[in-house]
Amino acid sequence: GGSPCQSFSNMGKRKGLEDTRGTLFYEYARLVKEIQPKVFIYENVPGMLNHDKGNTWKVIKNVFESLGYEIYFKLLNASHYGIPQNRNRLYVVGFKTGVKKFVFPEGQELSKTMFDFLEDNVDKKYYFKFKGFRFVTSNKSRARVNQNVIRTQKANQQFNWNGDFVFVPVSKVTDKTIFERAYVGKYEGIEGVARKLTPRECLRLMGFSDKFKIVVPDVHMYRQSGNSIVVNVFENILNQILKTGVYEND
Numbered sequence: 002g003g004s005p006c007q008s009f010s011n012m013g014k015r016k017g018l019e020d021t022r023g024t025l026f027y028e029y030a031r032l033v034k035e036i037q038p039k040v041f042i043y044e045n046v047p048g049m050l051n052h053d054k055g056n057t058w059k060v061i062k063n064v065f066e067s068l069g070y071e072i073y074f075k076l077l078n079a080s081h082y083g084i085p086q087n088r089n090r091l092y093v094v095g096f097k098t099g100v101k102k103f104v105f106p107e108g109q110e111l112s113k114t115m116f117d118f119l120e121d122n123v124d125k126k127y128y129f130k131f132k133g134f135r136f137v138t139s140n141k142s143r144a145r146v147n148q149n150v151i152r153t154q155k156a157n158q159q160f161n162w163n164g165d166f167v168f169v170p171v172s173k174v175t176d177k178t179i180f181e182r183a184y185v186g187k188y189e190g191i192e193g194v195a196r197k198l199t200p201r202e203c204l205r206l207m208g209f210s211d212k213f214k215i216v217v218p219d220v221h222m223y224r225q226s227g228n229s230i231v232v233n234v235f236e237n238i239l240n241q242i243l244k245t246g247v248y249e250n251d
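Everything in the sequence shown is counted per the numbering used here, starting at 2 for the first residue and increasing by one.
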């Protein structure tokens, strides 16, 4: 698991453990203390390491060690584990003291792009009208269009216009009903339409297969996806944990 990251994120006010969301870290530590797992995995933003000149991380590390755990930590980027998302995160793995064979998984060269994760048929409701099209395709916008590797997904990315978007040339639009809603404009000299990523695409770009059922409205699904952990990275860490033999006597 992981406590809320906003109090340590470079995008936030960086109040750290003084922030009520930051203090939820202690609830995570309480659960570790009560449950006493053989291993735990904690994930957060890289800013946790340098917040307050490193003092915040020193406190967190000391808390984990005081619970009787040997701590391993490393920054891992989702783009090194098969997912075209520039999502750099701090991963902390804690073992009951005594296990010393753990190493973090090695990354690999990325072979896929965002386009490999897009849906073939997208509902017209995800396409932009005039105002949305002009905003995301503007040079002044913080939005990014048709990037091979997307930026970090956020809980509110589809509503603060700071995420990644898709531009589709008119010639490649197969569902003509899209034109009933979408504004047709030009982007880099090409005429077409623009849209946001769908909830399913966001899930795919977090490593979830299409077997994962979407049972909540879009606004909640975007939030859950942006707050989640990248499945590919998680699986790689789990495989390395199993190699230590920590569960062999269970």
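In this text, a Cβ means the ideal position worked out from N, Cα and C, and glycines have one as well.
Predicted model, so just to flag it, every value in this text is computed and none were measured.
From the listed residues Thr178, Tyr73, Asn140 and Asn87, the smallest Cα separation to Lys97 is found for Tyr73. Under the DSSP definition of a beta bridge, Gln86 partners with Ile151.
From the listed residues Val234, Thr245, Asn147 and Glu249, the smallest Cα separation to Arg90 is found for Val234. Secondary structure note for Asp219: its alpha helix (DSSP H) is the uninterrupted segment Asp219 to Asn228.
Inclusion of Val217 and Val194 in the CB contact set at 8 Å is not warranted, their separation being larger than that value. Judged by DSSP in its simplified three-state form, Val247 adopts coil rather than helix or strand. As computed with DSSP, Leu91 is found in a beta bridge with Asn45 and Leu76. Within the same chain, and ignoring the five residues on either side of Tyr188 in sequence, the residues whose Cβ sits closer than 8 Å to its Cβ are Thr138, Val146, Phe168 and Ala195. Taking the CA atoms as reference points, Val231 sits about 32 Å from Lys130. Cβ neighbours of Arg88 within its own chain (closer than 8 Å, five residues either side excluded): Asn78, Ala79, Ser80, Thr153, Gln154 and Val231. Residue pairing from DSSP leaves Tyr29 without any beta-bridge partner.
Excluding sequence positions up to five before and after Ile215, its CB lies within less than 8 Å of the CB of Pro200, Arg201, Leu204 and Met222, all in the same chain and listed in chain order.
Just measuring C-alpha positions, the residue of Gly48, Asn51, Lys62 and His52 sitting nearest Ile42 is Lys62. Pro106 is classed as buried because its beta carbon has at least 16 other beta carbons within 10 Å across all chains shown.
Between the C-alpha atoms of Tyr184 and Tyr82 there is a straight-line separation of about 36 Å.
Distance from the CA of Gly3 to the CA of Leu68, rounded to the nearest whole angstrom, comes to 17 Å. Selection Ile242, Glu249, Tyr248 and Asn250 evaluated against Lys102 yields Ile242 as nearest (Cα-Cα).
By the C-beta density criterion, Glu66 is exposed, having fewer than 16 other C-beta atoms within 10 angstroms. In the displayed model, Pro200 falls within a helix according to three-state DSSP. Distance between Arg143 and Phe166, taken at the CA atoms: about 11 Å.
Taken through DSSP and simplified to helix, strand or coil, Glu35 comes out as helix.
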